[in-house]
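Letter 28 of the sequence shown, counting from 1, is numbered 28 in the UniProt record's numbering, and no numbers are missing. Glycine is no exception: its CB is placed at the ideal position from the N, C-alpha and C atoms. Source: prediction; values computed, not measured. Each remark here refers to the structure printed beneath this line.
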Amino acid sequence: MWLPWMKRAFIRIVDRKKDMILVSGFNVYPNEIEEVVSQHPKVLECAAIGVPQRCFG
1 MWLPWMKRAF IRIVDRKKDM ILVSGFNVYP NEIEEVVSQH PKVLECAAIG VPQRCFG
């Protein structure tokens, strides 16, 4: 969901709490996700974070 201010704003995250996210029982390393996403030509910077989900834990 994009909000109007997001078109011209930047969010910078400088660190994360852990270097691994648990997704449905699988270890997911954010740096691997970030490497793939950052290869898209329209992505300047990216950060993968874990968001708690009721269904997936």
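{"Item": "Quick check on I21: does DSSP put it in helix, strand or coil?", "Value": "strand"}
{"Item": "If you draw a straight line from the C-alpha of I18 to the C-alpha of F26, how long is it?", "Value": "The sequence shown places Lys at residue 18, not Ile. So the two alpha carbons sit approximately 15 angstroms from each other."}
{"Item": "Could you check what DSSP says for V28 in three-state terms: helix, strand or coil?", "Value": "strand"}
{"Item": "Looking at C-alpha atoms only, which residue of S24, I33 and R54 is the closest neighbour of C46?", "Value": "I33"}
{"Item": "Once you ignore the five residues that flank K42 on each side, which residues in its own chain have a CB closer than 6 angstroms to its CB?", "Value": "none"}
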